[in-house]
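Notes for the one structure printed next.
There are 2 protein chains.
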Amino acid sequence: MPDLPHVVILGGGFGGLWATRALATAPVRVTLVDRTNHHLFQPLLYQVAMAGLSSPDIAAPLRHILRGQRTVTVRMDEARSIDVGARRVTLAHGSLGYDYLVLATGARHAYFGNDDWARHAPGLKTLDDALHIRRRMLEAFEAAEREEDPVAQAEWLGFVIIGGGPTGVELAGTLAEIARHALPREFRHSDPRRSRIHLVEAGPRVLASMPEVLSERALCQLERLGVSVHTGQAVTAIDAHGVDLGERRIDARTVLWAAGVAASPLGAQLGAECDRAGRVKVECDLSLAGHPEVFVIGDLAAITQDGKAVPGVAPAAKQMGAHVARAIRARIAGGATTPFRYRDYGNLATIGRMAAVVDLGKLRFSGAPAWLFWLWAHVFFLIGFRNRIVVMAEWIWSYFTYQRHARIILGRGEDSPNRNQD
Amino acid sequence: MPDLPHVVILGGGFGGLWATRALATAPVRVTLVDRTNHHLFQPLLYQVAMAGLSSPDIAAPLRHILRGQRTVTVRMDEARSIDVGARRVTLAHGSLGYDYLVLATGARHAYFGNDDWARHAPGLKTLDDALHIRRRMLEAFEAAEREEDPVAQAEWLGFVIIGGGPTGVELAGTLAEIARHALPREFRHSDPRRSRIHLVEAGPRVLASMPEVLSERALCQLERLGVSVHTGQAVTAIDAHGVDLGERRIDARTVLWAAGVAASPLGAQLGAECDRAGRVKVECDLSLAGHPEVFVIGDLAAITQDGKAVPGVAPAAKQMGAHVARAIRARIAGGATTPFRYRDYGNLATIGRMAAVVDLGKLRFSGAPAWLFWLWAHVFFLIGFRNRIVVMAEWIWSYFTYQRHARIILGRGEDSPNRNQD
Numbered sequence: 078m079p080d081l082p083h084v085v086i087l088g089g090g091f092g093g094l095w096a097t098r099a100l101a102t103a104p105v106r107v108t109l110v111d112r113t114n115h116h117l118f119q120p121l122l123y124q125v126a127m128a129g130l131s132s133p134d135i136a137a138p139l140r141h142i143l144r145g146q147r148t149v150t151v152r153m154d155e156a157r158s159i160d161v162g163a164r165r166v167t168l169a170h171g172s173l174g175y176d177y178l179v180l181a182t183g184a185r186h187a188y189f190g191n192d193d194w195a196r197h198a199p200g201l202k203t204l205d206d207a208l209h210i211r212r213r214m215l216e217a218f219e220a221a222e223r224e225e226d227p228v229a230q231a232e233w234l235g236f237v238i239i240g241g242g243p244t245g246v247e248l249a250g251t252l253a254e255i256a257r258h259a260l261p262r263e264f265r266h267s268d269p270r271r272s273r274i275h276l277v278e279a280g281p282r283v284l285a286s287m288p289e290v291l292s293e294r295a296l297c298q299l300e301r302l303g304v305s306v307h308t309g310q311a312v313t314a315i316d317a318h319g320v321d322l323g324e325r326r327i328d329a330r331t332v333l334w335a336a337g338v339a340a341s342p343l344g345a346q347l348g349a350e351c352d353r354a355g356r357v358k359v360e361c362d363l364s365l366a367g368h369p370e371v372f373v374i375g376d377l378a379a380i381t382q383d384g385k386a387v388p389g390v391a392p393a394a395k396q397m398g399a400h401v402a403r404a405i406r407a408r409i410a411g412g413a414t415t416p417f418r419y420r421d422y423g424n425l426a427t428i429g430r431m432a433a434v435v436d437l438g439k440l441r442f443s444g445a446p447a448w449l450f451w452l453w454a455h456v457f458f459l460i461g462f463r464n465r466i467v468v469m470a471e472w473i474w475s476y477f478t479y480q481r482h483a484r485i486i487l488g489r490g491e492d493s494p495n496r497n498q499d
Numbered sequence: 078m079p080d081l082p083h084v085v086i087l088g089g090g091f092g093g094l095w096a097t098r099a100l101a102t103a104p105v106r107v108t109l110v111d112r113t114n115h116h117l118f119q120p121l122l123y124q125v126a127m128a129g130l131s132s133p134d135i136a137a138p139l140r141h142i143l144r145g146q147r148t149v150t151v152r153m154d155e156a157r158s159i160d161v162g163a164r165r166v167t168l169a170h171g172s173l174g175y176d177y178l179v180l181a182t183g184a185r186h187a188y189f190g191n192d193d194w195a196r197h198a199p200g201l202k203t204l205d206d207a208l209h210i211r212r213r214m215l216e217a218f219e220a221a222e223r224e225e226d227p228v229a230q231a232e233w234l235g236f237v238i239i240g241g242g243p244t245g246v247e248l249a250g251t252l253a254e255i256a257r258h259a260l261p262r263e264f265r266h267s268d269p270r271r272s273r274i275h276l277v278e279a280g281p282r283v284l285a286s287m288p289e290v291l292s293e294r295a296l297c298q299l300e301r302l303g304v305s306v307h308t309g310q311a312v313t314a315i316d317a318h319g320v321d322l323g324e325r326r327i328d329a330r331t332v333l334w335a336a337g338v339a340a341s342p343l344g345a346q347l348g349a350e351c352d353r354a355g356r357v358k359v360e361c362d363l364s365l366a367g368h369p370e371v372f373v374i375g376d377l378a379a380i381t382q383d384g385k386a387v388p389g390v391a392p393a394a395k396q397m398g399a400h401v402a403r404a405i406r407a408r409i410a411g412g413a414t415t416p417f418r419y420r421d422y423g424n425l426a427t428i429g430r431m432a433a434v435v436d437l438g439k440l441r442f443s444g445a446p447a448w449l450f451w452l453w454a455h456v457f458f459l460i461g462f463r464n465r466i467v468v469m470a471e472w473i474w475s476y477f478t479y480q481r482h483a484r485i486i487l488g489r490g491e492d493s494p495n496r497n498q499d
């Protein structure tokens, strides 16, 4: 086995995990490196942030998923640098030589040069981010309940979500549902139903990657849930008490960031050309120009197809993972690689209870049927038999009770009364 | 309603929550203050630490539990000081005057003057503690897998649990089960079955509060699970690489503290006599000498009955909570209070899969029947219909699959490769 070619895969998200699985029967040994111990089903991360699901519902240990694939070693570690000349990756603990490298370290939310906004407007990419947002959201309702001054109370009941893409829409819709339905009977001095939830989008419409008619339907559904949508308005400042949209001010103690991503900084170390978001421009087979043994996939890869950028979504990452596994097999067998082609099966976004939009090309629909379709698709693609059953049960439960079982504040935030407690 | 006497209850554990519930029909308004937003079912906290249950499985938001009790206000806040003369509690955010005060802020683990041990040997009292221990435990197996030096690897596979009470026994037994059954197939370079799990107890036997025969049976069951038990040996030093027991050294990168508790520092502010652990010596009706309007209950109260200290266990705290509710009703009605009497229904401790001991006075048993009895008792007493079903399902699942679904590393530890990542 030590004589087999060594494939190092950095990142255990959709791209890296699908590449690893597709190499199951290839004559290689694989080392999959991730800085966490789990694969995360990111499309449902907003549900953890909004206290509807627990972390283990949408995450599974990578070594558990891959336990039967004996040629794979999972290593919890963090890549610090890549030397493509020496074919070696330096990790936080040691280093690894490779014959083939698959870089799948994804993207992180970014503040477009306004890094001081990070403190006031947390983003959502990891489970830790989700638990942080959950704490901020639940603590805002707690602070409103304690507050005697009505102006300050209204500020605590103000929420701004920045970014009208799928994550922003999901957060805004779910938050509105929590404020209207899950909490009201439980507070004595404040009324969560008086929460004001704002969704801010700099572009002309929400869900810009969808056809215009579905953006309009999403807007209607958001407004019906009680979300104030501000399109065509860019954020100019964020502080602890609210957000400035040019001349306009929105008072809100809780601001969430769903507006932009930047690629993993590892991409820049390859010496290849990157786009503005830091994504690596790859060859048509997803390899690096001049380095046929290095592949870049998922959110970190910049590739266009028919004049349009391949989107940074889970299906694209999975398809790229499977493609590089085929490319590595072809190289080992001495054959040629084929160009990657993204197959777009459709696009869907959820908004809230019985509210979603679905675009399957010829077939477009919204409302309750779209929501049921979204539910089925997401639960179906969840990894692990157990998780599927549990998540389905959670949703049936919360659909009928309006309750969100994970309303537990964990950790100690800056604004938390727990701070400095031991 | 503003004219009704105001009862302030500090702490939403078993004592405080049971007092609140028992005041449901009393002519009072109640404010329940807790620094977290949830009631925690502490007897199952070790299962969260050992990755068998998720946080929301054993915690429920206090406001959700009490939503129907309209005379109760739940306030997430932290008591900073108590002025018994002015009948006022100062909180982190504002203050509260009271007519009756129930102090139920419990205890915290303590290191008997060796505060520097806290860094190396985390204790287990809150959900945050449990997630911290979970991370340390799972990261140790990850580090062992990365380690090429066999001596260093063995150090990562060494675990010491200090304290042979119920928590220590539960942690040691469950950890042995994880190392032997849940993990082995998933590692390539290390063998979790080679873990050495040590349980250290300064006294002559484990589970000292149990009859001697049950301590012996617990010892047998622990050893059968592969735990090395060291009784009569006091810890003299703890560092990042192990533990000293006088002359003897145990190498271990993971050390857990289950050896002692100290009462909440609020007790000392009452001006009453405290015992060595900081617990407040109370009158026979649980009130404070000279202050019949102040009550101290649960782990914070020091009271003896028939020459023995009432133990710091959940049933005692619940009974005290119900008792002070009766005492407050009696005072308001102009009547006299009665002395508190603790009814001991029995004592039980779990060790691991099908291993437990039960002492019901005349009836004592161990092994599989004791484990099933323990399981039934704990699931039965869990708050909330939903939690009972979910926890039961988790256990049936993990009993047959040997899997622990919550094996997700959250947060960033000192030793974590995630540190300094954004």
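Going down the list, the protein sequences come from chains A and B.
If you want the numbering used here, it's the 1-based position in the first sequence plus 77.
If you want the numbering used here, it's the 1-based position in the second sequence plus 77.
Each residue gets a CB set at the ideal place from its N, CA and C atoms; glycine is no exception.
Per-residue DSSP class, three states only, for residue i
i	result
B/A393	helix
A/I164	A quick correction: the sequence has Arg, not Ile, at residue 164 of chain A. Coil at A/R164, not helix or strand.
A/H275	strand
A/Q498	Per-residue confidence for A/Q498 stands at a pLDDT of 29, beneath the threshold of 50, marking its modelled position as unreliable; no derived number is given.
A/Y177	strand
B/G250	helix
B/T381	strand
B/D352	coil
A/T148	coil
B/M153	strand
A/E370	strand
B/I486	coil
B/G444	coil
A/I210	helix
A/I86	strand
B/N464	helix
B/G319	strand
B/I135	coil
A/V306	strand
B/S172	strand
B/H141	helix
B/T331	strand
B/D111	strand
8 angstroms Cβ cutoff, residue i in contact with chain D
i	result
B/H275	Of the protein chains in the structure, A and B, none is chain D.
Within chain B, partners of residue i - CB distance below 9 angstroms
i	result
A/P138	L215, E263, R484, I485 and I486
A/D193	The premise fails here: A/D193 is roughly 14 angstroms from chain B at the closest Cβ pair, so nothing lies under 9 angstroms.
Contact set between residue i and chain A, taken where Cβ atoms lie within less than 7 angstroms
i	result
B/P133	S131, H482, A483 and I485
B/E219	N114 and M153
B/L343	Ordered by position in chain A, no residue passes the 7 angstroms Cβ test against B/L343, which lies about 12 angstroms from the chain.
Interface partners of residue i on chain B, CB under 8 angstroms
i	result
A/T331	The premise fails here: A/T331 is roughly 15 angstroms from chain B at the closest Cβ pair, so nothing lies under 8 angstroms.
A/L204	I485 and L487
Proximal chain A residues relative to residue i, where beta-carbon distance stays under 8 angstroms
i	result
B/R223	R152, M153, D154, H170 and G171
Contact belief for residue i with residue j at Cβ below 8 angstroms, rounded distance in angstroms
i	j	result
B/A470	B/G250	Wrong, their Cβ atoms sit about 22 angstroms apart, outside the cutoff.
A/T206	A/P199	Residue 206 of chain A is actually Asp in this sequence, not Thr. About 6 angstroms separates the two Cβ atoms, so the contact holds.
B/T97	B/V166	That pair is no contact at about 16 angstroms.
A/L100	A/V107	5 angstroms
B/P138	B/V105	With 8 angstroms as the limit, B/P138 and B/V105 do not qualify as a contact, their Cβ atoms being about 23 angstroms apart.
A/L363	A/F450	That belief does not hold up - the Cβ atoms of A/L363 and A/F450 are roughly 30 angstroms apart, past 8 angstroms.
Chain-ordered chain A contacts of residue i [CB-CB under 9 angstroms]
i	result
B/L94	Chain A residues near B/L94: none, gap ~15 angstroms exceeds 9 angstroms.
- Of the residues that make up the segment 459 to 487 of chain B, which ones have a beta carbon closer than 7 angstroms to any beta carbon in chain A? So the close ones are R463, W474, H482, A483, R484, I485, I486 and L487.
- For the segment 140 to 159 of chain B, which residues have a beta carbon sitting closer than 7 angstroms to at least one beta carbon of chain A? Listed by position along the chain: R140, H141, R144, T150, R152, M153, D154 and E155.
- Query: Got a sec: which bits of the segment 97 to 125 of chain B sit with their beta carbon under 8 angstroms from any beta carbon on chain A, in order along the chain?
  - Reply: Listed in chain order, the positions of the segment 97 to 125 of chain B with a beta carbon within less than 8 angstroms of a beta carbon of chain A are R112, T113, N114 and H115.
- Entirely within the segment 396 to 452 of chain A and at least 3 residues each: give me those beta strand (DSSP E) ranges in chain order. Restricting attention to beta strand (DSSP E) runs no shorter than 3 residues, the segment 396 to 452 of chain A encloses them at 424 to 429, 432 to 437 and 440 to 443, ordered along the chain.
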